[in-house]
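From first to last, the protein sequence lines stand for chains C and B. In terms of my numbering, the first sequence opens at residue 31 and continues consecutively. In terms of my numbering, the second sequence opens at residue 9 and continues consecutively.
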Amino acid sequence: MIDEAIAQLRYRVSAAWRKPRLDMPLLGGLLLLMGIGLGTLYSASDLDRGQVISQALRFVLGLTLMAAISRIPPTSLRNWTPWLYAASVVLLVIVVIHGEGRGANRWLDLKVVRFQPSELLKLTMPMMIAWYLNGRPLPPSWATLGIAGALIAIPAGLIAKQPDLGTALLVAGSGAFGIFLSGLAWWRIGLLLAAFAGAVPVGWHFLHDYQKNRVLTLLNPEADPLGNGWHIIQSKIAVGSGGLWGKGWHHGTQSRLEFLPEHTTDFIFSVFAEEWGLVGVLLLLALYVFIIARCLWIAANAKDTYSRLLAGAISMSLFVYVMVNGGMITGMLPVVGVPLPLVSYGGTSAVSLLAGFGVLMSIHAHRRNPGAG
Amino acid sequence: MKRLRSRPLKRSARYKPIGEARFEAALFGRRALAGFVIIVLCLIVLGVRFSFLQVRQHEELAARSDANRVLTRPLAPARGLIYDRNGVLLAENVAAFRLEVTPEQAGDVQATVTRLADVLPVSDDDITRFNALRKRKRSYEGIPLRLKLSEEEIAKFSINRWAFPGVEVVPYLTRSYPLGEEFAHTVGYVGRIDESDLGNLDAGEYAGTTHVGKTGIERSYEARLHGHVGYEKIEVNADHRPLRVLPDRVAPVPGDNLYLSIDSHLQEVTEAAFQGRSGAAVVLDPRNGEVLAMVSVPSFDPNLFVNGISSADYKALLDADNKPLLNRLLRGTYTPGSTMKPFVGLAGLELGLRKPEDTVLSTGEFFIPGQSRAYRDDVRGGFGRVNLTEAIAKSVNTYFYSVSLDMGIDRFSGYLSRFGFGQPTGIDLLGEGSGVLPSREWKRARFNKPWFPGETVIAGIGQGYWVVTPLQLANAVSTFAAHGVPRTPHLLRAVQADGDERPQVLPLAPDQANIIDKPSNWLAVQRGMIAVVDAGTARTMGEGFPYTIAGKTGTAERYSRTDDTWTSISASPIERHQVLFECFTPADDARIAVVVALEAGRSGATDAAPIARKVLDTWLPGDQQRIGTVASADGAAR
């Protein structure tokens, strides 16, 4: 019995090795991005090899997970979806009740590993929306939209309560993209956006003081040079002083002199912009555009609605990361803890992103020959 | 479409008609394209923003980057001072020296710390705290490793200074409590900011602060005492060594000075009157709820906690039998005993169960109709026929057994909760206990058992499940003394903000509604309490005092209750009882209310009442001065 299982596992691993189900252009783009990330991290951490190695190890872990997920046929993923979604929501509820974490309750301590269940939802949320819409006639009606909205609102609300507004927005966004891609009529989208805009002043009252401060600081960063304003001012100086061509690798004074806070995590893009200038920034953005385009191409060629919506929602979420992080470091958007995908230092986000790409790889691999594997 | 919608979900998921699937694929393709266009447009906006900063604003921001040799350093505000009502200093800031390590200049920080430990005592706690702070600070910022260095330690370090680059002795202000033990349970103390505090504090405001209020007034008024952080800008060279301090400095705003309502002389006399016996006393002004004195004995030296108490000292305090760390005022658990009788008697009148003149026959034993268990009076054979006034004066249990039984537990606890029993008083200190007001709901919640009438009977004399904190009892006495107007006890009387010439007395909270319906009921109970001091259980207590005193003794057996039997936990007669005394004066128009609770003694009259008398004697001269005459109308009437 056990021998059999081991033999099967060995067969599968060797099959995966001999004939990986990976999309080479996408993989190439990701590897290039990770390389840029490690290079920037080496500079931003002031040549700290330890940080670079630990980040590289996380990439290896993420890539392994990606390869493993790419072997799972989308039909299996589809069948598991409601359970995965329900499990992640339950974990989220546990965190809200028992969670531990300084100031914000985000972490679930399983003794062996500590992780944020909200991170799981970055994947299970678009899966659930895709699963639900897959069974509905498209474009969706108001009723379908209502249920999909509830599927999004419940976990997003729980995450916002932790409070982790950044992740809540990312999770809600990934679900919303699924709905958008399902072909929701434009006039309905317009109505929803109008309603959303109307709700913003109401939502303002539910924000924590520190969250309000971050938004207010955006409007006038000079008013608070020791707290939130510091982040924005120093980041803008870092970006702007980089100029067209940048100061060169490991010549960014802003981060090296530690004027820039969080310069290996949320603000690593500022370091990149300072050292590589506008040219580097535009090339990096172009790389992201390439990756997103490739993902959308995979989505468009997927075999069923579930795979299409899921792949599409994951690719569009990637854009949100880039946009929110870029907007934050240039002082366009408030300071929310959203990392730059595969460049910022940090394990959870790198692994969960690569798991998402694993799903895309699986969808790509199973585009013509559904159910095999 | 309609037909499809009515299909079971799973089927339609698996077997969508080909045409439908093609339609959906095409729909998706169009949407994906639209999404991609939107993404590219948004990223173009982002790119434009980057080029705005990196091309248009490049010169300006590059200049700022070059000028970014200026570090902003926080300047910690001076913590507000704490005074008593007469301006006696209770908490001050004194100059001291601490050892700071600047990681960037020290090189290998861990090795430096290890080597320092050879020169100076550095505890594991110090290192833990140091490492926690290090994560929050930039590497060019100094991080305190040891606080309050002794002169000997400074000298020792100075000799070895050359071996420790990046380690410096830095002057700072530290908190000191000149009156020590006397105010440990009220003023409280500050302690070093530790990891559990970090999440609750505004990182900006506390950027330069090392200490935060941990208990007492220091904790509850942390926001007022702390003040606002300032900052100075320091120009540094490329290696960010400081070159000079720039002129644009924002001075920190010191915290507010607080004036408490406590009279430190009265506090001192009250504490001394306990002669070290465990217990607590609360002195309130019924006219406004001000706390005039509040002591919990034994106490401890709060100065020990400011710069981190040694684990040996802490263990000694923690393990001491008489629990010096326990704040008996807020969390002491006392059986009120007979001190509850005036309130129970008042409940009987107010609920219409008794008239003031109604009498009850005390035979020495009281029986619940149909039950054989006897509930006893203090005197064998009883007191004969007594009305309420006599029942309070002589502490006749039977009167209160009977009235409580007639009342029933629900009306009993309903009425007494008006006086604040069973709930925190809302004083401006944190960590107040609720005590126990016996009730059907409480017993259900605590033991999940039904209520028995016998328990109502013993609740009537303040026994059984009853638990009060000294502060709760004082609050209730003070409310009664004020003819039934509750006034939340409070310690903070006046505040002197930075720039104020004199302290501003805080406005009082608006009066709450009177909780006593009929003044004649109040009068009957008050007469009983006057008789207690005149001719009753505490006869000697009021001798020679110019004002009429109304009071009541309480002597509760230190029993622990098992299911049906009562077991005395102490045999020695002088320690057999938990003893209490409550009083207020002048009886008609009270300006002071006192509650004294001792954990062990013979009786309320012999042990607790003399302490209360000392409090009144100490308070009297000041009161007479304030009202402007020695021979008051009240005194003449006596």
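C-beta atoms are modelled at their ideal positions from N, C-alpha and C, and glycine is treated no differently. The structure displayed is predicted, hence computed values, not measured ones.
Taking C-alpha atoms, which residue in the options lies nearest to residue i?
i       : options                               : result
K49(C)  : R101(C), V319(C) and T295(C)          : R101(C)
F297(C) : L163(C), G367(C), G270(C) and Y162(C) : G367(C)
Q504(B) : L89(B), L41(B), A42(B) and L61(B)     : L89(B)
V201(C) : G228(C), L390(C), S379(C) and R397(C) : S379(C)
D625(B) : Q65(B), T367(B), I600(B) and L35(B)   : I600(B)
W161(C) : T335(C), N355(C), L372(C) and R397(C) : T335(C)
R419(B) : G430(B), A382(B), T464(B) and V394(B) : T464(B)
L479(B) : P432(B), R448(B) and F455(B)          : P432(B)
A401(B) : G559(B), Q113(B) and L51(B)           : G559(B)
A104(B) : V178(B), V352(B) and E189(B)          : V178(B)
F89(C)  : V245(C), V381(C) and L390(C)          : V381(C)
Q283(B) : T371(B), A608(B) and G174(B)          : A608(B)
R81(B)  : G238(B), D615(B) and S611(B)          : G238(B)
L97(B)  : L266(B), L437(B), F488(B) and P377(B) : L266(B)
W216(C) : P255(B), D210(B) and L35(B)           : L35(B)
G213(C) : L71(C), L168(C), K152(C) and P103(C)  : L168(C)
K451(B) : S421(B), F427(B) and A119(B)          : S421(B)
Q586(B) : Y342(B), T614(B), P515(B) and Y197(B) : Y342(B)
Pull up the CB-CB distance for residue i and residue j, whole angstroms please, since I reckon it's below 8 Å.
i       : j       : result
V540(B) : A289(B) : So it is not a contact: roughly 18 Å between Cβ atoms.
M537(B) : P350(B) : 6 Å
A343(C) : L211(C) : 7 Å
G270(C) : L233(B) : Between L233(B) and G270(C) the Cβ distance is about 41 Å, and since that is not below 8 Å, they are no contact.
A341(C) : L390(C) : 5 Å
G59(C)  : R324(C) : 6 Å
A490(B) : P294(B) : 4 Å
F455(B) : Y409(B) : About 23 Å; that fails the 8 Å criterion.
E283(C) : S73(B)  : In the sequence as presented, Glu is not what sits at residue 283(C); that position holds Thr. Yes, T283(C) and S73(B) are in contact; Cβ-Cβ is about 6 Å, under 8 Å.
First and last residue of the alpha helix (DSSP H) that includes residue i?
i       : result
A202(C) : L195 to L211
T464(B) : P461 to A467
A341(C) : T335 to I359
L314(C) : I298 to A330
Y72(C)  : M54 to A74
Y41(C)  : I32 to R48
T122(B) : V117 to V127
E230(B) : E230 to H234
S158(B) : Looking at the DSSP string, S158(B) is not in any alpha helix (DSSP H), and its letter there is neither H nor E.
E373(B) : No alpha helix (DSSP H) holds E373(B); the beta strand (DSSP E) holding it covers E373 to F375.
Which residues bound the beta strand (DSSP E) around residue i?
i       : result
Q100(B) : At residue 100(B) the sequence reads Glu, which differs from the Gln that was named. From DSSP, the beta strand (DSSP E) with E100(B) extends over L97 to V109.
D287(B) : Inspection of the sequence shows that residue 287(B) is occupied by Gly rather than by Asp. Where G287(B) is concerned, the enclosing beta strand (DSSP E) stretches over G287 to D293.
G276(C) : Segment: none, G276(C) is in no beta strand (DSSP E) and carries neither H nor E.
I600(B) : I600 to G609
G562(B) : A558 to E565
P173(B) : Note, P173(B): premise wrong, no beta strand (DSSP E); not H, not E.
V503(B) : L500 to Q504
G384(B) : The sequence given here has Arg at residue 384(B), not Gly. Run containing R384(B): A382 to R384, per the beta strand (DSSP E) assignment.
H293(C) : Counting along the chain, H293(C) falls outside any beta strand (DSSP E), and DSSP gives it neither H nor E.
R393(B) : G392 to V394
Could you tell me which chain D residues have their CB closer than 8 Å to the CB of residue i, listed as they occur along the chain?
i       : result
P169(C) : No chain D is present in this structure, whose protein chains are C and B.
_Would you call the segment 150–167 of chain B in contact with the segment 124–142 of chain B, where contact means no fewer than 3 C-beta pairs closer than 8 Å?_
yes
*Okay, do the segment 217–237 of chain C and the segment 305–325 of chain C touch, 3+ Cβ pairs below 8 Å being the bar?*
Result no; under three Cβ-Cβ pairs closer than 8 Å.
_Inter-stretch contact at 8 Å, needing at least 3 Cβ pairs: the segment 51–64 of chain C / the segment 353–363 of chain C_ = No contact exists between the segment 51–64 of chain C and the segment 353–363 of chain C.
*May I ask you to verify whether the segment 433–447 of chain B touches the segment 376–390 of chain B, counting CB pairs closer than 8 Å and requiring at least 3?*
When C-beta atoms of the segment 433–447 of chain B are compared with those of the segment 376–390 of chain B, fewer than three pairs fall below 8 Å, so the two segments do not count as touching.
*Do the segment 265–276 of chain C and the segment 51–64 of chain B touch if we need at least three Cβ pairs shorter than 8 Å?*
With the rule of 3 Cβ pairs closer than 8 Å, the segment 265–276 of chain C counts as touching the segment 51–64 of chain B.
_Contact the segment 223–242 of chain B vs the segment 84–100 of chain B: 3+ CB pairs below 8 Å_ = yes
*State whether the segment 488–497 of chain B contacts the segment 295–305 of chain B, with contact taken as three or more CB pairs (one from each stretch) at a distance under 8 Å.*
With a cut-off of 8 Å, the segment 295–305 of chain B and the segment 488–497 of chain B count as touching, because enough Cβ pairs lie within range.
_I'd like the ranges of any alpha helix (DSSP H) spanning at least 4 consecutive residues and lying wholly in the segment 400–488 of chain B._
405–424, 448–455 and 461–467
_Those runs of the alpha helix (DSSP H) which lie wholly inside the segment 283–349 of chain B and span at least 4 residues_ = 311–314, 319–327 and 336–339
*4-residue-minimum alpha helix (DSSP H) runs that sit fully inside the segment 192–226 of chain B, ordered along the chain*: 203–206
_Segments of 3+ residues assigned as beta strand (DSSP E) that fall wholly inside the segment 40–85 of chain B_ = 78–83
*Check whether the segment 271–289 of chain B touches the segment 457–473 of chain B, counting contact only when three or more Cβ pairs, one atom from each stretch, lie closer than 8 Å.*
no
*asked:* Three or more C-beta pairs under 8 Å: does that hold for the segment 169–186 of chain B against the segment 275–292 of chain B?
replied: no
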